[in-house]
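Contents: one structure, followed by commentary.
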Amino acid sequence: MTHLPFYLLTLMLATCASCNEPQKTGLPTKHMPSNIRADTPYTKNTYTDASGSQVTIQNSFPKGGLRYTDPHGKAYVYAVFWTHIINETAQPFNLNIGFPVDSIELTSSPGSYFRILLPPDTMTTGKTSMFNYGLPRMELFLDTALLTPSTLKRTIAPHDSSAFYVVTLANQWVNGTLRAGLHMEKGKYYYVINGMKMYCGEVDKGFVLQP
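Numbering (my numbering), first residue to last: 1 to 211.
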């Protein structure tokens with residue numbers, strides 16, 4: 001089945017999300033209404049370079065929250081997110097991010113240790129309503145991803161967009177609601193989980209968050 005290009009999602013949402021505008025903030029802290037649509041982003045931030053060209057990053061609400069047991073019998077919980085990058089510039093936009101193999105303790109939930117994993121699959125609009133946003137072979141992916149650092153490289157053509165999955169894997173669930181997303185700040189990429197920033201790469205061009 002053929003899906004609409006992911007960048008059309010933004011146009012579709014503009015006509016239906018007036019009552020539930022996503023946050024415009026570098027550090028998401030507030031929770032959106034529980035009845036919000038699965039294809040409505042949790043955050044939508046637009047960044048501008050010196051020439052006025054723009055890149056927009058959208059981050060989703062989580063899906064999943066299920067248990068996973070690794071081949072050695074250790075139990076985890078996971079959640080699936082997507083991030084959608086819209087390149088409105090006249091040049092290719094290069095994305096290069098990565099996360100270490102080591103777990104990081106979430107400051108807002110002491111005792112919860114997280115890993116950030118980047119599946120190679122591409123997210124599309126037709127998957128927004130699906131279980132785990134349509135991410136396939138979850139257990140097989142987790143079995144292999146546990147062993148290595150997680151990286152993602154993509155080049156987004158001018159006036160095009162691309163969306164990818166992000167999986168959070170933890171030894172226990174967080175206190176309260178889980179929120180996460182990719183953001184740019186001072187030439188660097190950060191992945192933010194419940195207010196805690198994790199550095200994950202360098203931005204190859206100078207973009208500043210629009211107020």
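Don't be surprised by glycine CBs; every beta carbon is placed ideally from N, CA and C.
Lysine 63 sits in a strand when the DSSP states are folded into three classes. Taking aspartate 102 as reference, the option from Pro92, Met198, Pro211, Gly134 with the minimal CA-CA separation is Met198. The straight-line gap separating the alpha-carbon atoms of threonine 83 and aspartate 160 is approximately 14 Å. In the DSSP annotation of this structure, the continuous segment of the beta strand (DSSP E) that includes threonine 46 starts and ends at 43 to 48. Distance from the CA of leucine 142 to the CA of aspartate 70, rounded to the nearest whole angstrom, comes to 8 Å.
Per DSSP, the continuous beta strand (DSSP E) segment holding leucine 152 begins and ends at 150 to 156. Short of 6 Å from the beta carbon of glycine 64, and not among the five residues preceding or following it, lie these beta carbons of its own chain, in chain order: Tyr78, Ala79, Val80, Asn132. Just so you know, the alpha carbons of glycine 181 and methionine 196 end up roughly 11 Å apart.
Methionine 196 has Ile193 as its beta-bridge partners, per DSSP.
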